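Per this note's numbering, residue 323 is the first one in the sequence shown, and the count goes up by one each step.
All C-beta atoms in this analysis are idealised placements derived from N, C-alpha and C, irrespective of residue type, glycine included.
Only a predicted model underlies this, so the values are computations on that prediction, with no experimental measurement involved.
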Amino acid sequence: MREATSLSNSGLEWLAADGPSSDVVLSTRVRLARNLESHRFALRSDEAEREAIFASAREAAERTRSLREGTVLAMRRLAEPTRRILLERHLVSKELVGDGEREPPAFSGLFLAGDDSLGIMVNEEDHLRLQSLVSGFRLREAWRRVDGLDEELGMHLRYAFHPEFGYLTSCPTNVGTGLRASVLVHLPALVLTQEIGKVLQGITQVGLTFRGLYGEGSEVVGNFFQISNQTTLGKTEEDLIDHLQKIVQQVVTYEQQARNVLLRDARTVIEDKVWRAYGLLRYARSISFEEVMNLLSGVRLGLGLKLLPRVRVYTLNQIMIFTQSAHLEKLAGASLSAGDADSYRASYIRRLLATEEAPDHEGNSQ
C-alpha cells in the first residue's frame, strides 16, 4: 500500500447512483468492529501499543488481495482540511479525524482499497473498523466484501474473541458479531404525507434504529435517514443482514407508495414544490449547506416522480458532497468565510446544473 497525504476523487464510488432502488436508497454501509488479542482496547492503550497495532494491521492489510494496492492515510500526517474532506465523504468518523481543538488519535488512520468501496479505520474506538460503502441498496454485496476482507485479515491477525460472547469490542453494544449495517434512505414522501412517525416507530420496535445523515448524534436533514441494526449479540451476521434487508425493503415500498399518493392526489402542489426547489438551486446567488440539503430533497423527489427528466441523480449526489465546507475550500483553493462560502456554493451549483441542460417548467431547454 502507498502512503498519501492528499486526495483527488478517492472514496466517491458510492455516489454513482447505479445501485438497486437508487431513487430512494443513496448508499449502503456494512462495518465490522475487531480488536487484536493481547492488546488493550484503543481507549486504554498508550502510543507505543497503538503504534504496534497500526504496524500489525498494515502488514496484514498488505497481504490481502483487496488492500495491497490501496492507500494508507495516517490521520496526523494529513492537513486538517483533508481530514474534513474524508469526513464529508463518509469515509471516516468524527472520532478518527479529531476536530479543531483536538488532534486525531495517535497512530490512527484509514486504509482504503483501490476501488474506494472497501477500507479499514485503524485505532478509532476499536483497533480495526472494517467497512464497505457502496451505492444503492446492496446490503448483501457490501456484507460479502467486508466478510471477505475479515477472513483474509484473520489469517494474519489474532482477534480478541470469547467462545460465549463472540468478538470483543470497546463498546458492549457491539460485542458478538461486531457488525453494524446501515442504509441511507431518502424519505420525502413519507414526511410530506405525515406517515414518517409511524414508520420510524415501527423500525425501532423490530430492533433497528435510525439516525441522521452523518450517523450517531447527527440531525436529520434533507429527509435523509440512516437505518441500521441496533444489536449484534445473539444472532449471526447473516441473520442481521437479512433482517435489515427485509425491513428496509418494506420502508422503500412505503416510500414509493407515498410518492404515488402524492402524484395522484397533489400533483400540482408537488410539481410546484419540485420546480421551486430546482429554481432556487439553479439561480440562487447565496445559499447555505442546510438550505441546499432541503432543496435537494425536493429535486430528488421530482426525479423519482419523473417531473425533472433531464437532471441526473449523480449530479445531485455530487452537489451534496462538494458543497460542504471543506470541499468548497478545496475547489476555491482558499479558506472561505461563511458569507463567501454561501456565495461560492451557489456559484458552483449554478455551473453544475447548467451542464445538465434541464428543461424549464414550460418544457423548454435552458
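Return the bridge partner residues of D421 from the DSSP annotation.
Bridge partners of D421: R424.
By the DSSP assignment, the beta strand (DSSP E) with G441 in it spans what residues?
Taken as a continuous stretch (DSSP letters only), the beta strand (DSSP E) holding G441 covers L440 to V444.
How would you label G556, buried or exposed, when you count the other beta carbons within 10 angstroms and need 16 or more for buried?
Exposed, because fewer than 16 other Cβ atoms sit within 10 Å of the Cβ of G556.
For a test of the three-state rule: what should DSSP assign to I407, helix, strand or coil?
Three-state DSSP puts I407 in a helix.
Please identify the residue among E373, L413 and D472 whose C-alpha is closest to the C-alpha of S430.
It is E373 whose Cα lies nearest to the Cα of S430.
Excluding five sequence neighbours on each side, which residues of the same chain lie with their C-beta closer than 6 Å to the C-beta of L675?
If we look at L675 and ignore the five residues flanking it on each side, its Cβ neighbours are R604.
Is it right to say H484 is buried, meaning 16 or more other beta carbons lie within 10 angstroms of its own, or is it exposed?
Burial call: exposed.
Given that a residue counts as buried once 16 or more other Cβ atoms are within 10 Å of its Cβ, and exposed if not, what is D594?
By the neighbour-count rule (16 or more Cβ atoms within 10 Å), D594 is not buried but exposed.
In this structure, does DSSP put Q552 in helix, strand or coil?
Looking at Q552 - three-state DSSP - the assignment turns out to be coil, as it is neither helix nor strand.
According to DSSP, is H649 helix, strand or coil?
Reduced to three states, the DSSP call for H649 is helix.
By a C-beta neighbour count over all protein chains shown, 10 Å radius and 16 as the cutoff for buried, is R460 buried or exposed?
R460 is buried by the Cβ-count criterion.
Within this structure, are the beta carbons of R466 and L440 separated by less than 7 Å?
Contact: no.
Between the alpha carbons of N551 and S657, how many angstroms are there, rounded?
Spanning the two alpha carbons is a distance of roughly 39 Å.
Pick helix, strand or coil for H361, following the three-state DSSP scheme.
Of the three classes helix, strand and coil, the one that applies to H361 here is coil, per DSSP.
Considering only C-alpha positions, which residue in the set A428, D437, V456 and L358 is nearest to N331?
Closest option to N331, Cα to Cα, is D437.
May I ask you to list the residues that DSSP assigns as paired with F376?
Its beta-bridge partners do not exist; DSSP assigns none.
Identify, in the order they occur along the chain, each residue of the same chain with its Cβ nearer than 8 Å to the Cβ of L522, setting aside the five sequence neighbours on each side.
So the list reads F532 and F547, once near-sequence residues are dropped.
Tell me whether V497 sits in a helix, a strand or coil according to DSSP, three-state version.
V497: coil per DSSP, three-state reduction.
Alpha carbons only, please: which of P342, G544, E447 and S343 is nearest the one belonging to S610?
Checked all of P342, G544, E447 and S343; the closest Cα to S610 is G544.
Do S388 and G458 have their beta-carbon atoms positioned less than 7 Å apart in this structure?
No. Outside cutoff.
Just list the beta strand (DSSP E) runs in the stretch 442-475, keeping only unbroken ones of 3 residues or longer that don't cross its boundaries, in chain order.
Within the stretch 442-475, the complete beta strand (DSSP E) runs of at least 3 residues are 450-457.
Quick one: using the 10 Å Cβ neighbour count with 16 as the cut-off for buried, is E325 buried or exposed?
Exposed, because fewer than 16 other Cβ atoms sit within 10 Å of the Cβ of E325.
Please state if the CB of L452 and the CB of L693 are separated by a distance shorter than 7 Å.
One cannot answer for residue 693 here, as it falls past the ends of the chain, which runs 323 to 688.
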